[in-house]
Amino acid sequence: MKCTNESATVKRVSEGDHLAFKQIFDQYKDAIFGYSYKLTKSSTLAEETVQEVFLKIWQNRTKLDFTRPIKPYIYKIAQNHVYNTLRNAAYSDKLKEEIFYSHAIGHTTTEDQVVYRDLEAFQEKTIQTLPTRRQLIFRMSRTEGLSHEEIAQRLEISPNTVKDQIVKALKTIKEQLHVHTDIAVSISLVLLLRLLN
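So that you can map any letter, position 131 of the sequence shown is 135 in the numbering used here, and since no number is skipped, the others follow by simple counting.
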């Protein structure tokens, strides 16, 4: 899309044109997802960022400056959202769990490697404290990505039993994450440093 065409599209968005908004959304959604995923290494947080970015654009559409390219504006919103998310991660059980479960972490620096090696060790140690059956079910759910029904079929137990075991496993993990806030803080700091580089 040429800049002049984009300016016209952004102008239409500022006037409340839903089709123009969808055009901007379709053009940038994948790029913002990729950008956010690179920073957070979490598809859940990346999807949340995409939603937040375009929600803010629509809510503030009347303030859009269609005389300037919208790309820097979109990325700035994404960066601010990711920054705030990571800054709050150390104090949010949900976000600490998201970091805990994130396996696809890029080891780009020595500092990153040290922090994530500690995380992986902490993660494994916590899971190993679970009763054998609960540990197996949890690993099948989180590592293999199996549904409750698939796990139930493999182990010949009811889906409710699977759900109950996973809930209990999560309770243990939440307690450990609450005690070891320093783990989440360290990860958050490393990711924040990436944002500033």
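Glycine is no exception: its CB is placed at the ideal position from the N, C-alpha and C atoms.
Option nearest residue i by Cα separation, candidates the options
{"i": "residue 66", "options": "84, 42, 34, 21", "result": "21"}
{"i": "residue 71", "options": "59, 18, 60", "result": "18"}
{"i": "residue 40", "options": "90, 161, 62", "result": "90"}
{"i": "residue 177", "options": "57, 149, 133, 47", "result": "133"}
{"i": "residue 161", "options": "31, 179, 140, 52", "result": "140"}
{"i": "residue 174", "options": "142, 46, 59", "result": "142"}
{"i": "residue 60", "options": "80, 48, 149", "result": "80"}
{"i": "residue 63", "options": "25, 180, 172", "result": "25"}
{"i": "residue 30", "options": "13, 42, 43", "result": "13"}
{"i": "residue 11", "options": "125, 44, 76, 69", "result": "69"}
{"i": "residue 45", "options": "158, 86, 9", "result": "86"}
{"i": "residue 34", "options": "16, 157, 82", "result": "82"}
{"i": "residue 84", "options": "36, 126, 179, 128", "result": "36"}
Secondary structure of residue i, DSSP reduced to three states
{"i": "residue 71", "result": "coil"}
{"i": "residue 160", "result": "coil"}
{"i": "residue 109", "result": "Caution applies to residue 109, whose pLDDT of 45 falls short of 50 and renders its modelled position unreliable; the value that the coordinates give is listed next. Looking at residue 109 - three-state DSSP - the assignment turns out to be coil, as it is neither helix nor strand."}
{"i": "residue 20", "result": "coil"}
{"i": "residue 11", "result": "helix"}
{"i": "residue 38", "result": "helix"}
{"i": "residue 150", "result": "coil"}
{"i": "residue 165", "result": "helix"}
{"i": "residue 133", "result": "coil"}
Where the alpha helix (DSSP H) containing residue i begins and where it ends
{"i": "residue 138", "result": "136-146"}
{"i": "residue 53", "result": "47-63"}
Within 8 Å, strictly: CB atoms of residue i and residue j
{"i": "residue 57", "j": "residue 78", "result": "yes"}
{"i": "residue 74", "j": "residue 131", "result": "no"}
{"i": "residue 169", "j": "residue 138", "result": "yes"}
{"i": "residue 275", "j": "residue 155", "result": "Here the chain comprises residues numbered 5 to 201, so residue 275 is not present and cannot be evaluated."}
{"i": "residue 163", "j": "residue 152", "result": "yes"}
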